[in-house]
Amino acid sequence: MKHFLLPLLALLALVFAASLLFRSEEAPVLSDAAGSSSSEGPLQAPAQNGPVELSGEGDTAGQAAGRSPLNEASSEKDQNPVEGVAQVRLTGRIVDEQSKPVQGALITVREPRGRGMIFTPQLDSPPVSTTHTNLAGRFSIPTSGRGMREIRVKRDGFQFLTERAYLGATRDFNIGDLVLEAGFGLRGRVLSMDGEPLEGVSVSLLPPAVAGRMSFSFGARPGVEIASTDAGGNFVVSCLPLGPFELAAARDDLLRATQGGVMRRGGNEVLEIHAEYGAVLSGILKKNKLSLEEVKVVAWSQSSSMPQLKISGGMGGPTPFDQQREGQVLSDGSFVVRGLPHDTEVQVAVFSVDKSLVPLGPIAEAESDASDVVLDIFPSFDLKLSVVSAADSEVIKSFVAWAGFRRLEPLHDEEGQILRHHHGGRVTYPGLRLTSPQGRLTVQVNSPGFAPFSRGDLVPPASGVLDLGKIRLVRAPGLRIRVLDDRTGEPLVGVRVTAEEESHEPGAAPIGLLELAGEDGSFLSLGNKPLVVAHTNKEGEVQVAATPGERYRVSIQHEGYSDLTKTLQATVANILHEARLLRPCTVEVTLLDSQGEPKAAGRVEHRLKEMRTGMGITFDSRETGPRRTDSKGLAIFGDLKPGTHLFRAAGKDPAMGMIMVIKGQEPEQVSWTEVSLAAGETRTIALREEPKALVRGRVFLDGEPLAQCKVTFQPDGNEMFFMGAGGPGDLTAADGSFEIEGLNPGQGRLTFRHPDLVMRHEQEHTCTRGAQVVDVDLVLTTVSGRVTGPDGSELAGIRVSVGGGGKQVMGRMIMITASSEGSGQAISTFGGANSVLSADDGSYILRGVRSGISLEIKATGEGLKPASRTLEPLVPGELKQDFNLMLEVGASLILTRTPSEDQDFSMVRLEFLGSEPDSGPVQDEREIMFEGTCRFDGLTPGPWRIFLEAPGLSDSEPLIEPRDVELRPGEEGQISLD
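Structure representation (structure tokens):
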């Protein structure tokens, strides 16, 4: 069965649901900010006494004094100058392994992507600054504002290096010496399957695929481009590490090809990468009235959705996004899309080059090599309206008009600036285009001093003009906010204020945000409500349109101050809410080694003392992640909120930066230094590393050095499920050597995982202070056999997995370094079963199974009922042969449900109600229902019960009453859950 994407989709759903907890404390909650009101007549605003003060998180604010209304143009750009941001310099030196300076190294500095789960166009990227090292290997590069920076170093003849450092707002940062390890050279060629040299092929170095870790991104597996082929298909690289490596070759008309190898100190053979030409899809675009430069054709796998979007910050894996291809429309309307996978059903549609979020016309389904695809573009129409006051019909000239189908966009000019002033109160919204034949239009108008107007379910015309006539806005004060400096009481100018109308749906959460170019940096949610962003005027005041009676989540953000988030309720009274912003706190940590000397290039870890919990998830609140000390042992932690913070020396492994635990617990809290901070306070502390244990040694496999083996140490009693196979660790070099430093003394176990070994291996170990040498010789133990069908035929491509070895850790997961300086990089696997695919003759070989424990060998295939057998403990080095598995015919089930606008996906769970078969208990099945459909294959025939649940919330109420179904062998059941 196709379960490979299920954990990824389930994780995605879980993270989206959990993301609200992050945003509530560490960042503005950016979502739709307007409700609607269509009632006529003036609203009375009684006088009140005293402003409401907003000083932090809490309940809905109460009443406040009335004040004169703000000027309608209070959020204009020219009345809201934003204070300049001072520049600081990032300096350092690049040296080789002999401490000699490296001249001419390319230094690239960028801000890591935002901390939220933000959808952005693929071409979007953070600001980048570059420079080169001088003769002394030194570099100096300016950068603006405080925050985390990612530094990447590239130089021919050396391996790539990526490092991170946090910069304060006013102090230059010397990162010290960064050491480049020697790279090794390799010549290669990229050829077609017929041996034809391929020119202009991009060659990238892929990160190592470490067993036990899912490291992924939406789109192709990430890599760094290192070369391009010449006319003879040749390329040369000089940055490879010793040991195993993997290269990828890509060109628009080719299927992405990968080729691995092993780099040795001696001569290396020419590496050949054979790439296959992809399928070519062609067709015609009808009735196109747009210029050719405005449109493109996109083809993608049928199981993909929104192929033009990706999640910024490194979540992902093999997904249908890998197979997306674009084509250009020619002057005669024809188009060609190349490089598609063969014999695959794809979806094809026309998109805007600049705004490729929603197809411009119907989505066509076709085979990837089709030559007769016909595409169309939905007709467009103009929207006209005028805006007046409902009380006296006075023309309103200052407002923002929003319109759209699946999402709303503000009316903006050719430069992307949102239009806020309209002569005569009239506006024409040109070129609105349907997103489906049954699409219904939503229109919203926001104006300061009036309740938002919203009208949905409008039937658009096939073409021409939709004239809504006069829209009458009801006067309402909305949310009036004055922002002050908490210490001085002075008003703050140019403060960014956003307001999100709280959802009435329990558990509802936006799945992402889309940013448009606007004078206020306006954001749009994927829902049908806009988010209006405004800035305070010279009196520090701002007015946000809001519907009386509705509750809003207001976020206030300003350079040099801590963010403030508060829930407010809009009323008919003219209330002024007062927000006092606190100066952020700073802690400067000097890290000393165990001898009392400042430690350069060390790491300091920070977290909040309080833990946050919700939905069965414990958040470790390590928003900042580990910080690297500079050349003098200094690490700066800025932008901290008042309260109690914890600091300690951190280890090297990224697992030390984990932040989220699901059904697990954090390791024992030791060695933390507690610091209590008041608003605007700067504290300096010194941390001294305690004497630690160091384990070094070599790993062998049947007497030969084993490179690229992940060696980790996990203390006993630690119920945390770290990423991969344990806690802090190291990757063995070409000679099998490893070194793990910074370990706490105590008992535990060393674990060993390698991409070529199907299971991880463990041995007990006790760490003591000081250095220890541990050499391990793994003995290869193997299981082989054949997979057959119910008729005895040999089955190819069947996934055969092995598990066992005592207690299985299930459902525990760590997101690594998901912080304000970088989003999640890796997650741990569940329970650790590893697998291979059966060959053409049905044979399989499981190399590197564990000896001395009972094993479960399981085979799963599409449309077939899984088969499993238990294997008694094996002797080290044993070769168990003819361990055959037979798959029986299973059943399939297709479930459908009409999708709703407020719920894009849900979780379907199947529970088997029949008696236990001879093959053992039947486990529950789970799949994500996305866009109203999902499919189960290989089910055990018999009675099943169907549950529909909200994703990521194990204790949520079912969305429907459970349904029962009886499935027969080979049957494909189809059930609607409406």
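The sequence shown begins at 3 in the numbering used here and counts up one residue at a time. Where a beta carbon is used, it is the ideal one built from N, C-alpha and C, also for glycine.
DSSP places residue 640 in the strand class (E or B) of the three-state scheme.
Beyond the five residues adjoining it in sequence on each side, residue 841 comes within less than 8 Å, by CB distance, of 798 in the same chain, given in chain order. Annotation for residue 368: 283, 348, 350 and 375 place their beta carbon closer than 7 Å to its own, counting only its chain and skipping 5 residues before and after.
Note: residue 403 is bridge-paired with 447 in the DSSP secondary-structure output. The Cβ atoms of residue 229 and residue 182 do not sit closer than 9 Å to each other. Within the model, the alpha-carbon separation for residue 295 versus residue 355 is close to 7 Å. If the five residues before and after residue 968 are omitted, its C-beta is found closer than 6 Å to the C-beta atoms of 945, all from its own chain and listed in chain order.
For residue 178, the uninterrupted beta strand (DSSP E) segment begins and ends at 175 to 181. The alpha carbon of residue 863 has as its nearest neighbour, out of 873, 871, 839 and 885, the alpha carbon of 839. If you check the CB distance, residue 950 and residue 893 do not come in under 9 Å. If you draw a straight line from the Cα of residue 240 to the Cα of residue 158, it comes to about 6 Å.
A contact is defined here as three or more CB-CB pairs under 8 Å, and the region 267 to 281 meets this definition with respect to the region 184 to 193. Within the model, the alpha-carbon separation for residue 90 versus residue 558 is close to 25 Å. A check of alpha carbon separations from residue 682 across 848, 546 and 585 identifies 585 as the nearest. Between residue 759 and residue 805, the C-beta spacing is not below 9 Å. By the criterion of a C-beta distance shorter than 6 Å, residue 161 is surrounded in its chain by 183, 185, 241 and 243, once the five residues flanking it on both sides are discounted. Residue 754 is bridged by DSSP to 713 and 763. In the structure shown, the three-state DSSP call for residue 296 is helix. The three-state secondary structure of residue 276, taken from DSSP, is strand.
Measuring C-alpha to C-alpha distances from residue 475 to each of 187, 743 and 387 identifies 387 as the nearest.
In this structure, DSSP gives residue 940 an extended state, which the three-state scheme calls strand. Annotated three-state conformation of residue 879 is coil, per DSSP. For residue 327, the uninterrupted beta strand (DSSP E) segment begins and ends at 327 to 331. DSSP, read as helix, strand or coil, puts residue 738 in coil.
Annotated three-state conformation of residue 579 is strand, per DSSP. Bounds of the beta strand (DSSP E) holding residue 790 are 784 to 790. Apart from sequence neighbours up to five positions away, the residues of its chain that approach residue 919 with a beta-carbon distance below 7 Å are 942, ordered along the chain.
A buried status is given to residue 908, since no fewer than 16 other beta-carbon atoms sit within 10 Å of its beta-carbon.
Per DSSP, the continuous beta strand (DSSP E) segment holding residue 469 begins and ends at 466 to 475. In this structure, the CA atom of residue 643 is about 6 Å from the CA atom of residue 564. Between residue 603 and residue 261, the alpha-carbon positions lie close to 35 Å from each other. When the beta-carbon positions are compared, residue 477 and residue 366 stay at least 9 Å from each other. Residue 579 and residue 481 do touch by the CB rule: their CB atoms are close to 7 Å apart, below 8 Å. By the Cβ neighbour-count rule, residue 589 is buried, with 16 or more other Cβ atoms within 10 Å of its own. Taking 9 Å as the cut-off, the Cβ atoms of residue 837 and residue 796 do not count as close. The closest CA to that of residue 146, considering only 92, 970 and 166, is found on 92.
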